[in-house]
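Asks: Just passing along the structure, written as structure tokens.
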């Protein structure tokens, strides 16, 4: 009899298919992934499940990442959220951290950096 | 005749003339109408005050002063509503409430003017004539007037800063003028001082001259000079009027003393002599004052300042362009980083996942799509930033619109979009046909995209239709000038939310899942290059309309 430990769940919220597929390539060996293409979808998923971490883009249609982050922090304050965005500014990073983001990674990112950061924030 | 009354008469007539002049310039404009009211109220205030100085009888002087005073009371709400009218979208709800409060307080002053000791206690005889002593309501009203006058100065200054941020140089200048003119108007309230005791001759009219002159300039002039030049001019003239008033009143006082002491009568001859001295010294005095102020306060002369002002404006435009390029570069960087991230990740995993057919299929699809996307962004950006010269030729607007709609006939059919054309004429304008087609194409494509399950695309040539919320950044207009043609393009899509209206022409602003956000920026660029203007109007849920104003010449 073999004991299989289930993989931690990571929710990826990005509106672009290319990015979602990229995250799949990087993370699917280590994590079970759930995908949302905008903030509203992410909130729906979070109502029914509790992932171990979440990756969140900032510029998205319907509801942007910053507003989504604020809602998440009300619904699941302990969920570590990693912001991954093309906006590379100190102000944006500060704003995200102020609203409770666990960390901030600018695009284009390094796959090893993503893996290391997620494992750090899950602990 | 009391000679102290003369400056009041002069300033009251001067202000009324400015009011009539401003009204004659454009009697349909609300701000011109309000300014006329303001000038009229100022006229009554100063004229009746001047008149009262000449009246010996207590009760007659009281009635005259009451008329003058009630007119001065009206100034507070008029100035405040004048400010609200000019501030337009920059005003806040609290300011509208304050406006109504000023009306209410003014009404109280009217009600209590005849009730002893509440508004007006009594008249006191000063050396210039009778002057009232204020009651508690007058004190309250004076304090309220002070408070909202300072708020008005601040609001204009704040609006100027906001307009500068939005690169609206014209509004920036205009708000700066109003802020300055109001801050000059505030000291006119020195006239209140004798009402509370101190025997200080009410010389508030000096500030009224500066205020009304500045506001007239701001209303009437289309292209304003830099405010520094006007500050300098108004400074010179205000100082000049103060000095002249001082000289005039000194001559009157001294001569009156001499004449009364030695001859026991007062003569109009003195006023004539005083006026003649002033008339002779006016120009040399102005010239000297100008020189002194230029030398000690501004360091350079006015002509040099005008030249500097011109250079500064050019520099400001250059800076604005640089800012636009920086915004563009930041937006472009963001747009390109997403596809770059996908390409980078797929390239990174290529050696280890090469044997996986699913990976290979995704690789070829996603990487190829992302490269196309980058290419598309660069292409559109080049189109946007290319300083392509306009090739202007007379062409028919109807032909340009119809040819552009012709390109899109398949898209329109496929999306079940009905086109309604209301061409109220076929104006021929000097246009760059290809660029104008590009502009219309982008607007039509935008409309098609917002009506995926069908709708109506309406194209009007003539007066604008519909429209609720306006695009404030790009200057909304409610009227069409005679020398321009308006083309309106409306869709029946979901409309543009109010908060997005100010940004829809910004590069890289998009709410669509696909799209670079450059389409409408390109339209804005093309229309502006033609000397035209574009604005978007929309009521959430009932479609959007783009109004394009083009010059006929």
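Chains as they are written, first to last, in the working numbering: chain L, 1 to 123; chain C, 124 to 676.
Virtual Cβ for every residue (Gly too), placed ideally from N, Cα, C.
Could one say the Cβ of residue 209 of chain C lies closer than 8 angstroms to chain L's Cβ atoms, at least one of them?
Replies: Counting from one through the second chain, the residue named residue 209 of chain C turns up at place 86. So, not an interface residue.
Asks: Give me the Cα-Cα distance between residue 348 of chain C and residue 326 of chain C, rounded to the nearest whole angstrom.
Replies: Counting from 1 along the second chain, the entry for residue 348 of chain C is found at position 225. Counting from 1 along the second chain, the entry for residue 326 of chain C is found at position 203. Unreliable positioning characterises residue 348 of chain C in this predicted model, as indicated by a pLDDT of 47, which lies under 50. The coordinate reading is nonetheless provided below. One C-alpha to the other measures close to 29 angstroms.
Asks: At a Cβ cut of 7 angstroms, what residues of the region 100 to 111 of chain L count as close to chain C, listed as they run along the chain?
Replies: 107, 108, 109, 111
Asks: Can you name, in chain order, every residue of its own chain whose Cβ lies under 6 angstroms from the Cβ of residue 23 of chain L, other than the five neighbours on each side?
Replies: Stepping through the first chain from its first residue, residue 23 of chain L is reached at position 23. Contacts found: 12.
Asks: I want to know whether the region 192 to 204 of chain C touches the region 245 to 254 of chain C - three or more CB-CB distances under 8 angstroms.
Replies: Of all C-beta pairs linking the region 192 to 204 of chain C to the region 245 to 254 of chain C, fewer than three are shorter than 8 angstroms, placing the two stretches out of contact.
Asks: For residue 608 of chain C, which three-state DSSP category applies?
Replies: Along the second chain, read from residue 1 onward, the residue named residue 608 of chain C stands at position 485. Of the three classes helix, strand and coil, the one that applies to residue 608 of chain C here is strand, per DSSP.
Asks: Thinking C-beta only, is residue 619 of chain C closer than 8 angstroms to residue 627 of chain C?
Replies: As a working mapping, residue 627 of chain C is identified with position 504 in the second chain. As a working mapping, residue 619 of chain C is identified with position 496 in the second chain. Yes, they are a contact pair.
Asks: Kindly give me the distance between the Cβ atoms of residue 338 of chain C and residue 158 of chain C, rounded to whole angstroms, as I take these residues to be in contact under 8 angstroms.
Replies: Counting from 1 along the second chain, the entry for residue 338 of chain C is found at position 215. Counting from 1 along the second chain, the entry for residue 158 of chain C is found at position 35. Right, the Cβ-Cβ distance comes to about 6 angstroms (below 8 angstroms), so this counts as a contact.
Asks: Please list, in chain order, all residues of the same chain as residue 551 of chain C whose beta carbon is under 7 angstroms from its beta carbon, the five residues on each side excluded.
Replies: As a working note, residue 551 of chain C is residue 428 in the second chain. The residues are 517, 518, 519.
Asks: Quick test of your reading: residue 188 of chain C and residue 231 of chain C, contact by CB under 8 angstroms. State the CB separation rounded to the nearest angstrom.
Replies: On the second chain, residue 188 of chain C is found 65 positions in, with the first residue counted as 1. On the second chain, residue 231 of chain C is found 108 positions in, with the first residue counted as 1. That pair is no contact at about 18 angstroms.
Asks: DSSP has residue 103 of chain L in a bridge; who is on the other side?
Replies: As a position in the first chain, residue 103 of chain L is number 103, starting the count at 1. Its beta-bridge partners are L:82.
Asks: I'd like to know if residue 661 of chain C contacts chain L, where contact means its C-beta is closer than 8 angstroms to some C-beta of that chain.
Replies: In the second chain, residue 661 of chain C corresponds to position 538, counting from 1. Not closer than 8 angstroms to any Cβ of chain L, the Cβ of residue 661 of chain C fails to qualify, so no.
Asks: At what residues does the alpha helix (DSSP H) containing residue 557 of chain C begin and finish?
Replies: In the second chain, counting from the first residue as 1, residue 557 of chain C sits at position 434. From DSSP, the alpha helix (DSSP H) with residue 557 of chain C extends over 556 to 573.
Asks: Counting only Cβ pairs nearer than 7 angstroms, list the residues of chain C close to residue 87 of chain L.
Replies: Within the first chain, numbered from 1, the residue matching residue 87 of chain L stands at position 87. Correct list: 457.
Asks: Could you compute how far the alpha carbon of residue 316 of chain C sits from the alpha carbon of residue 177 of chain C?
Replies: For the purposes of this step, residue 316 of chain C is identified with residue 193 of the second chain, where counting begins at 1. For the purposes of this step, residue 177 of chain C is identified with residue 54 of the second chain, where counting begins at 1. Each residue's Cα considered, the two are about 20 angstroms apart.
Asks: When you compare each of C:319, C:180, C:198, C:207 to residue 162 of chain C by their alpha carbons, which one comes out closest?
Replies: Within the second chain, residue 162 of chain C is the residue found at index 39, counting from 1. Nearest option by C-alpha distance: C:198.
Asks: Can a CB atom of chain C be found closer than 8 angstroms to the CB of residue 113 of chain L?
Replies: On the first chain, position 113 is the one that residue 113 of chain L refers to. No - not a single Cβ of chain C is within 8 angstroms of the one on residue 113 of chain L.
Asks: Got a sec, what are the start and stop residues for the beta strand (DSSP E) residue 544 of chain C sits in?
Replies: Along the second chain, read from residue 1 onward, the residue named residue 544 of chain C stands at position 421. Here the beta strand (DSSP E) through residue 544 of chain C covers 540 to 546.
Asks: Spell out whether any CB of chain C is found under 8 angstroms from the CB atom of residue 118 of chain L.
Replies: The residue given as residue 118 of chain L occupies position 118 in the first chain. So no, residue 118 of chain L is outside the interface.
Asks: Under the rule that 16 or more other beta-carbon atoms within 10 Å means buried, what is residue 468 of chain C, buried or exposed?
Replies: Your numbering for residue 468 of chain C matches position 345 in the second chain. By the 10 Å Cβ count, residue 468 of chain C comes out buried.
Asks: Can you look up residue 202 of chain C in the DSSP assignment and give me helix, strand or coil?
Replies: If you number the second chain from 1, residue 202 of chain C lands on position 79. It is helical.
Asks: Are the Cβ atoms of residue 485 of chain C and residue 21 of chain L separated by less than 8 angstroms?
Replies: On the second chain, position 362 is the one that residue 485 of chain C refers to. On the first chain, position 21 is the one that residue 21 of chain L refers to. The answer is yes: Cβ separation under 8 angstroms.
Asks: Quick check on residue 600 of chain C - is its C-beta less than 8 angstroms from some C-beta in chain L?
Replies: Taking the second chain and counting its residues from 1, the one referred to as residue 600 of chain C is at position 477. Because the pLDDT at residue 600 of chain C is just 47, under 50, the model does not fix this residue reliably, and the value given afterwards should be weighed accordingly. So, not an interface residue.
Asks: So, do the region 302 to 309 of chain C and the region 146 to 155 of chain C have three or more beta carbon pairs nearer to each other than 8 angstroms?
Replies: no
Asks: Of the choices C:246, C:565, C:657, whose alpha-carbon is the least far from that of residue 322 of chain C?
Replies: Counting from one through the second chain, the residue named residue 322 of chain C turns up at place 199. When only C-alpha atoms are compared, the closest one is C:246.
Asks: For residue 336 of chain C, does the count of other Cβ atoms within 10 angstroms reach 16, so buried, or fall short, so exposed?
Replies: Looking up residue 336 of chain C in the second chain gives position 213. Label assigned to residue 336 of chain C: buried.
Asks: Can you tell me whether residue 200 of chain C is buried or exposed, with buried defined as 16 or more other CB within 10 angstroms of its CB?
Replies: As a first step, residue 200 of chain C is located in the second chain; it is residue number 77 there, counting from the start. In the assembly as shown, residue 200 of chain C is a buried residue. Its beta-carbon has 16 or more other beta-carbons within 10 Å.
Asks: Roughly how many angstroms lie between the CA atoms of residue 461 of chain C and residue 118 of chain L, to the nearest whole one?
Replies: Start at 1 with the first residue of the second chain, and residue 461 of chain C comes out as number 338. Start at 1 with the first residue of the first chain, and residue 118 of chain L comes out as number 118. Roughly 20 angstroms separates the two Cα atoms.
Asks: Our contact map puts residue 122 of chain L next to residue 77 of chain L with C-beta atoms below 8 angstroms; I'd like the distance itself, whole angstroms only.
Replies: Position 122 of the first chain, counted from the start, is the residue given in the question as residue 122 of chain L. Position 77 of the first chain, counted from the start, is the residue given in the question as residue 77 of chain L. Residue 122 of chain L to residue 77 of chain L, Cβ: 16 angstroms. No contact.
Asks: In the DSSP assignment, find the alpha helix (DSSP H) that holds residue 170 of chain C and state where it starts and stops.
Replies: Counting from one through the second chain, the residue named residue 170 of chain C turns up at place 47. From DSSP, the alpha helix (DSSP H) with residue 170 of chain C extends over 153 to 176.
Asks: Quick one, which of C:160, C:279, C:172 has its alpha-carbon nearest residue 214 of chain C's?
Replies: The count along the second chain starts at 1 and reaches residue 214 of chain C at position 91. Out of C:160, C:279, C:172, C:279 has the C-alpha closest to the C-alpha of residue 214 of chain C.
Asks: On the DSSP letters alone, give me the boundaries of the alpha helix (DSSP H) that residue 43 of chain L sits inside.
Replies: As a first step, residue 43 of chain L must be located in the first chain, where it is residue number 43. Looking at the DSSP string, the run of the alpha helix (DSSP H) that includes residue 43 of chain L is 39 to 48.
Asks: Taking the beta strand (DSSP E) that residue 581 of chain C falls in, what are its first and last residues?
Replies: The count along the second chain starts at 1 and reaches residue 581 of chain C at position 458. 578 to 584 is the extent of the beta strand (DSSP E) around residue 581 of chain C.
Asks: Given a limit of 8 angstroms on CB to CB distance, which residues of the region 478 to 506 of chain C reach chain L?
Replies: 482, 485, 489, 492, 493
Asks: Which residues of the region 53 to 67 of chain L have a Cβ closer than 8 angstroms to any Cβ of chain A? Give them in chain order.
Replies: In the displayed structure, chain A is absent; the protein chains listed are L and C.
Asks: Would residue 347 of chain C pass as an interface residue toward chain L - the criterion being a Cβ-Cβ separation below 8 angstroms?
Replies: The residue you call residue 347 of chain C lines up with position 224 of the second chain. Confidence at residue 347 of chain C is low in this model, with a pLDDT of 46, below 50, so its placement is unreliable and the value that follows should be read with caution. Output row for residue 347 of chain C: interface = no.
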